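I have placed the structure first, in the form of structure tokens, so that the comments after it can refer back to it.
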Amino acid sequence: MSMKSKKVISTLSFLSAGFLLVTPAIAQPAPEAEVSSGGRWSFSAGAFSRQFDGGEFRSGSRSSSVALPSGNVDYSLSTGAAGAASGVALRTYSDGFVGPDTAGSTAGSLFEGTTSRFGFDRDSQNNANSSLVFQGALSGEQTLSSSQSSETDLMWSDDSDAETGVILEFTYLLTSPEKSVQVLGQFSFLYSPVEIRGGGSTFEAQRTDTRKELSGTLTDTYQVPTGVILPLAPYSQSSANPPPGFYPRIMDEPTRTMAPEGTTVANDTVSWFNQIEEKVEADVFTISFGPEVMIQVTESAFFSLSAGAAMHLVDWKATHQETLHQSNRSAPVREWKDEASKTDLVWGGFGQVAGGLKFGPDQDPSRYFLQGFARWDITEDLKGTVGPSEFTLDLDAFSAGAMAGFFF
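Here the sequence shown is numbered in my numbering, starting from 25 and rising by one per residue.
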């Protein structure tokens, strides 16, 4: 509550207490004056509509602490008939082949590590008899997963609905009942409920799973031993057991380079978000006291002003409910529910205006009365917590209602 409101409450409380102490002394009639009916009590009861200013929440969240599932990550690349780049094996390309022969694969042989079993389609594959180049197709699949999340602060406020309450009021006449302006001491009890509710979202996350088809080209380069002259293309020697030294030879293992390319074939997106619902329900019991000035407008009609201090006993219950949802699932991923309750005492001040009519039997025409009133309450803010959230109830209020009562 603002410093200004606190000063108003303190001032109203001080003035009302001082007024009640001083008024009996200054209101005593002179000794020779006749006091026809000193110190009359009245009691009234009625109903009223009360509109509190509402309240606000600073919402906390638990969703961001949940470990969300990650997507699959995989990479598979096939070199097809070209096989592995190392080891003795038959490798087939789009523009030729290279395989082991007996002389090159025999340990200790003069031709070990070379082969005459190869073929190529174009002369451009021959790099000046220093190397022979082959190309083959790549194929495969790659799956990727990327995720991102964001958190936002959530503050919401709510104006409470007007609620119906009950009021009981006692007054005590401090001055002579014969005067047209009378001073009374007023004591009131009021009850009314109050409720605020609201919510929103503070967390979002998204995961994108991408599947790509891989293609591209591998290049295998075989070194040509010094002094070997390769034949013109097209050339093919497929025998694994040729006469040693009769055919040109190359090294039987290549140096390999690969240039894979990925084409996206599918994108799947999964998203998460939270939903927060919060509320505070309270029963407000108000006890107020202070001076009241009643002005007798006519014999039966009157108008009154009163102000003073008010004490509010607030019995509250608050809930915080949070749900984490996933876009492709009907059931929530996680749910949390927190509850808190407490009874707090807060102070305030009030001002009230009223007007009404007195009536009764002929022998006492002013015994009963009906009155309507409007009342303003200025009250300290009530603060509380529930789960990860904090809230404030603004109990400043405007009330309007009617009462019926009698003097005794």
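Virtual Cβ for every residue (Gly too), placed ideally from N, Cα, C.
Remember, predicted model here, so these are calculated numbers, not experimental data.
- The Cβ atoms of V294 and R231 sit closer than 8 Å to each other.
- In the three-state DSSP reduction, T126 falls in the helix class (H, G or I).
- For P217, the beta-bridge partners assigned by DSSP are D307.
- The beta carbon of S173 sits closer than 6 Å to the beta carbons of A229 from its chain, once the five residues preceding and following it are set aside; these are given in chain order.
- In the three-state scheme derived from DSSP, where H, G and I count as helix and E and B as strand, A69 is classed as strand.
- With fewer than 16 other Cβ atoms from the protein chains shown falling within 10 Å of its own Cβ, Q387 counts as exposed.
- According to DSSP, residue pairing for R74 in a beta bridge involves E187, S423.
- With a threshold of 16 other beta carbon atoms within 10 Å, T279 falls short and is exposed.
- The beta carbon of L192 lies closer than 6 Å to those of A69, F213 in the same chain, with the five residues before and after it left out.
- Judged by their CB atoms, L178 and G209 are not nearer to each other than the 8 Å cut-off.
- A325 and F313 have their alpha carbons spaced roughly 24 Å apart.
- Between the alpha carbons of A364 and G95 lies a gap of roughly 38 Å.
- For G240, the pairing in a beta bridge is given by DSSP as L162, P284.
- F144 sits close to Y259, with the two beta carbons spaced by under 8 Å.
- When S89, V218, S328 are compared, the shortest CA-CA separation from A306 is found for V218.
- Note that the stretch 77-90 does not touch the stretch 122-133; fewer than 3 beta-carbon pairs, one per stretch, sit closer than 8 Å.
- According to the DSSP assignment, Q395 belongs to the beta strand (DSSP E) that extends over 392-403.
- Apart from the 5 residues on each side of it in sequence, T343 sits with its Cβ closer than 6 Å to the Cβ of K303, E363 in its chain, given in chain order.
- For Q387, the secondary structure class from DSSP, reduced to helix, strand or coil, is coil.
- Of F393, T243, A421, W296, the smallest CA-CA separation from E404 is found for A421.
- Taking all protein chains shown into account, L134 has fewer than 16 neighbouring C-beta atoms within 10 Å of its C-beta and is therefore exposed.
- In the DSSP secondary-structure assignment, E136 is not bridged to any residue.
- A contact is defined here as three or more CB-CB pairs under 8 Å, and the stretch 352-362 fails this definition with respect to the stretch 383-397.
- For the pair L256 and L162, the CB atoms are not nearer than the 8 Å cut-off.
- Selection F397, A71, L114 evaluated against A331 yields F397 as nearest (Cα-Cα).
- Distance from the CA of N298 to the CA of D185, rounded to the nearest whole angstrom, comes to 27 Å.
- DSSP, reduced to helix, strand and coil, places A105 within a helical segment of the structure shown.
- The C-alpha of L114 lies about 15 Å from the C-alpha of R273.
- In this structure the stretch 135-142 does not touch the stretch 196-204; the number of beta carbon pairs closer than 8 Å is below three.
- Nearest to L156 by alpha-carbon distance, out of F76, D77, P249, A378, is P249.
- Around the CB of K382, 16 or more other CB atoms lie within 10 Å, so the residue is classed as buried.
- Taking the Cα positions, F327 is about 49 Å away from Q345.
- DSSP, read as helix, strand or coil, puts S173 in strand.
- For T409, the enclosing beta strand (DSSP E) covers residues 406-410.
- Taking the CA atoms as reference points, G79 sits about 31 Å from Q350.
- D119 carries a coil assignment under DSSP once its states are collapsed to helix, strand and coil.
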